[in-house]
Ligand SMILES: Cc1ncc(COP(=O)(O)O)c(C=O)c1O
Ligand SMILES: Cc1ncc(COP(=O)(O)O)c(C=O)c1O
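Residue numbers (the numbering used here), protein chains in the order written: chain A, 1 to 380; chain B, 1 to 380; chain C, 1 to 121; chain D, 1 to 121.
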């Protein structure tokens, strides 16, 4: 059976060129980057070069990049590392932000969760109004992982700057898909994750603007300029850097390709199936995200039927799929629970093709029809 | 030039079989283990199997194993996750423990640092005497990373058990080199790291005995039974599990091989060079560790001369090599600073050969002679 | 979370789907807000269930348990059918993932509601 | 931390190693406890350094800077040699890693101490 992967927001396959780039670092250039001998120096050189590459991709300096184990660690390090007093965030952040905020609330911080409109958009005015004398940090994600809405982070960045407050953005989903420039956008801290951009899992980075003081999360050897102890994952970091440079290099071409497939998918579904709605913003959305709501049917059933046809999609975010609670993001958009239960996220990738989307459009109407036929809600 | 790697305590090359095992997980079985579709289920199955393998290697149950980003994170998670009130540790722990203890002291905990004898051995009696009503945790490493001394952790484990106190051990250096059984040794928490046992960097595990409550370090999606958020690093975890099972499978053979090479090295050096002393315990030491003190010369010079001959060794631990402070471990053994400065750590690995050791024994006397010839201390 | 072969079979090819227009008993349990809703229709002759149909809005487990419940109930006397418990359905499907155990309640409860409506007539 | 080619060359092949038994000036700086100690011996004729030797216990940077310092000082007048500053040595070696900059002090200081001893005679 052909298998079609449309869950790139959950994770991506590692690009073959990236794997090739990583290979020598497992068995040849395997030194510890802190060691003084030639094996160590070779590892250190690879680490330094990777740091420069990731910095370049963000418009940052190399010494402003800390490598971490992924987006979650970057988010935790940013918030726990600088968050004190009052923190402002949005109601549609990833759990890596929201649960960290919850932890900080349990430890004496105040957190304001700014709402979003029905497209999942934060109003920068709401962020500004939430600022108090105690506010130390604003954290608003660049693009949402479920509905793909892209936030006006440049505006939020300048509000933060005007008020002398630090601004963090979770750019795990946007990195490589929309332009990021930490200078122009007045970003002080920014989280990225390798496995969302065709790099290996278990690697990420946090950009920390020069001068921002941060309390480390992992204490130990003085790695990563003292801000993140642990023997550096050189193959992972080298792979991430390669993936980041490919993403920048291919961004125009990727965006065109993804937008084309996304719009083909959305239009095709709307044409062939009744009672379908697009969740999220019509235009300010990631080029690869189509989050669609199918009335009268339940998402997991739809997902499993698609899976039986070899098509991989998701309901909500992967990390919460195992739970049965309705998505906090779709709830924040104001959707009724029964509509949330019928929502499916298709997230496209570089390797997807038009013929794959055609195949999805071929099988989806029948599946939705079948589920509606057994649904007690359909005739109402 | 032939290159001889004798710094296996810093990190190891990844075993080629391990790399082969990892490969499909980069480009084929690349799903997110939390996803419901077939890509996700395949990843989940690999994760579950890996967890079982690592559990088996420790005498633990699968649901007692949490995968982390390495030894440092495991140590931080253990200590920050359960440490409260009073903590007992040793003075020769890795910085991942000592700096975490420092952090906990800054946040209201009391920490007792039990001393070691001149062989680097902790006296279990000292641990027991240090126990107060507030003691919540004892953390003593299994084997030391610099001098290789193996601690009587079974005894410490039963003391902890008798007093109803949790016992953590940092087994990063001992795992795969000496037997570990968390039941028999009464261990409640145990840290391991993949890149010390021919597995990939950036992966480790924490064993947490069933029933032990722990506060997570990384908040976010409910991965790893809610104890460690972040998309699981499947290739890394699969590689770690493969490395762990190879280590167990080959342990007898490896131990014989390493002990042979180690003793050949120590005896050879002692025979051909005057004023050399073995640091650490004569018998209770890791099979692959030879930490030797060369009077009148400074370690970094020795290291670099060896490096110029293609031989990679270390002074102290890799993570502190960049600093100029004398090793806290050798200080704790009671060595004078000038003796510490002349100490070199040779740590052997599975792939080292007798002919490599012969080569080291061939070049070392000349190097030491050369450095002693320019040393103002040599004739004193 | 992994479904058994039987769950997947009943999910992909549910038995006894539909409605019975002049049913002797109809039971509905659950609601769309929670993401799960099942309606069971029965026709009864001489105290035996001679026809049974269901409709479900819900996850794979909800659909499969409803399908299996109708299979278990068909041909049974009302008393026998009332004795079909939650675990019977899960067992007949070779088990359900722990987070989905509540689904097995849904279908059995809807069956019981339909039988009670029929008995109350 | 990466050493320049020149540092590595002077480390591997130090110039002017040794002692001068009846030196006109001897200067020792540093101590083994800190991991670094250098002794510089000079012979002076007509106010010029005509011979210079050193011994060093220490890291590669300590050895290389001592070696380079003797090269810079040889043939110089005492005043010229006194003017050899810490940065001159590091510069002549194409730089030193930041953590190792203190080493360049050691050799220049030992040279200055030797010159001062000689002048005080
Ligand atoms: C927006 C966002 N933030 C953070 C994360 C966490 O990243 P990671 O899985 O690399 O820890 C994810 C994905 O899981 C994400 O989509
Ligand atoms: C004893 C000990 N504990 C902890 C660590 C840290 O492990 P990692 O580098 O995987 O974070 C190391 C090695 O660096 C070690 O030797």
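The beta-carbon is built from N, C-alpha and C at its ideal position, and this holds for glycine as well.
Three-way DSSP call (helix, strand, coil) for residue i in this model
i	result
residue 11 of chain D	helix
residue 5 of chain B	strand
residue 399 of chain B	With chain B covering 1 to 380 only, the question about residue 399 of chain B has no answer from this structure.
residue 374 of chain B	coil
residue 24 of chain D	coil
residue 171 of chain A	coil
residue 41 of chain C	strand
residue 193 of chain A	strand
residue 296 of chain B	coil
residue 88 of chain D	helix
residue 14 of chain B	coil
residue 46 of chain D	coil
residue 229 of chain B	coil
residue 285 of chain B	strand
residue 30 of chain D	strand
residue 36 of chain D	strand
residue 120 of chain D	helix
residue 278 of chain A	strand
When the options are compared against residue i, the one with the closest alpha-carbon
i	options	result
residue 4 of chain C	C/119, C/117 and C/100	C/100
residue 172 of chain A	A/338, A/71 and A/102	A/71
residue 191 of chain B	B/8, B/66 and B/124	B/66
residue 238 of chain A	A/15, A/25, A/12 and A/11	A/25
residue 85 of chain B	B/110, B/252, B/61 and B/91	B/110
residue 39 of chain C	C/48, C/52 and C/78	C/52
residue 67 of chain D	D/81, D/33, D/75 and D/89	D/89
residue 333 of chain B	B/31, B/120, B/18 and B/6	B/120
residue 69 of chain A	B/212, B/273, B/218 and B/295	B/218
residue 131 of chain B	B/151, B/149 and B/165	B/165
residue 70 of chain C	C/95, C/96, C/106 and C/97	C/106
residue 51 of chain A	A/93, A/232, A/170 and A/105	A/232
residue 58 of chain C	A/350, A/266 and A/340	A/340
Rounded separation between residue i and residue j - CA only
i	j	result
residue 184 of chain A	residue 154 of chain A	7 Å
residue 3 of chain A	residue 280 of chain B	57 Å
residue 8 of chain A	residue 15 of chain C	35 Å
residue 252 of chain A	residue 107 of chain A	44 Å
residue 56 of chain D	residue 63 of chain A	35 Å
residue 320 of chain A	residue 34 of chain B	The pLDDT assigned to residue 320 of chain A is 43, lower than 50, so where the model puts this residue is not dependable, and the model offers no usable value.
residue 358 of chain B	residue 63 of chain D	28 Å
residue 318 of chain B	residue 362 of chain B	Confidence at residue 318 of chain B is low in this model, with a pLDDT of 44, below 50, so its placement is unreliable and the value that follows should be read with caution. Each residue's alpha carbon lies about 25 Å from the other.
residue 243 of chain A	residue 57 of chain A	11 Å
residue 20 of chain C	residue 102 of chain C	26 Å
residue 144 of chain B	residue 258 of chain A	52 Å
residue 37 of chain A	residue 141 of chain B	27 Å
residue 45 of chain B	residue 234 of chain B	10 Å
residue 236 of chain B	residue 23 of chain B	10 Å
residue 314 of chain A	residue 123 of chain B	55 Å
residue 230 of chain A	residue 338 of chain A	46 Å
Proximal residues to residue i (C-beta, below 7 Å), its chain only, five neighbours per side dropped
i	result
residue 356 of chain B	4
residue 42 of chain A	29 and 31
residue 73 of chain D	49, 52, 81, 84 and 111
Proximal residues to residue i (C-beta, below 6 Å), its chain only, five neighbours per side dropped
i	result
residue 240 of chain B	194, 199 and 203
residue 380 of chain B	Only weak support is given to the placement of residue 380 of chain B: the predicted model assigns it a pLDDT of 48, under 50, and the question is left unresolved by the model.
Residues of its chain near residue i, where Cβ-Cβ distance is below 8 Å and the 5 sequence neighbours each way are ignored
i	result
residue 196 of chain B	8, 9, 11, 12, 71, 172, 173, 175 and 176
residue 103 of chain A	80
Kindly provide the ranges of any alpha helix (DSSP H) runs that are 4 or more residues long and lie completely inside the region 41–118 of chain B, ordered along the chain.
71–82 and 95–106
Starting from the N-terminal side, write out each stretch of the alpha helix (DSSP H) that is 4 residues or longer and does not extend beyond the region 302–370 of chain B.
318–321, 328–332 and 337–341
In chain order, what are the residue ranges of uninterrupted beta strand (DSSP E) at least 3 long that sit wholly in the region 48–114 of chain D?
48–57
Go through the region 125–188 of chain B residue by residue and report every complete run of the beta strand (DSSP E) that reaches 3 residues or more, in order.
135–139 and 166–170
Ignoring anything shorter than 4 residues, give me the alpha helix (DSSP H) runs that lie fully in the region 201–263 of chain A, in order along the chain.
234–249
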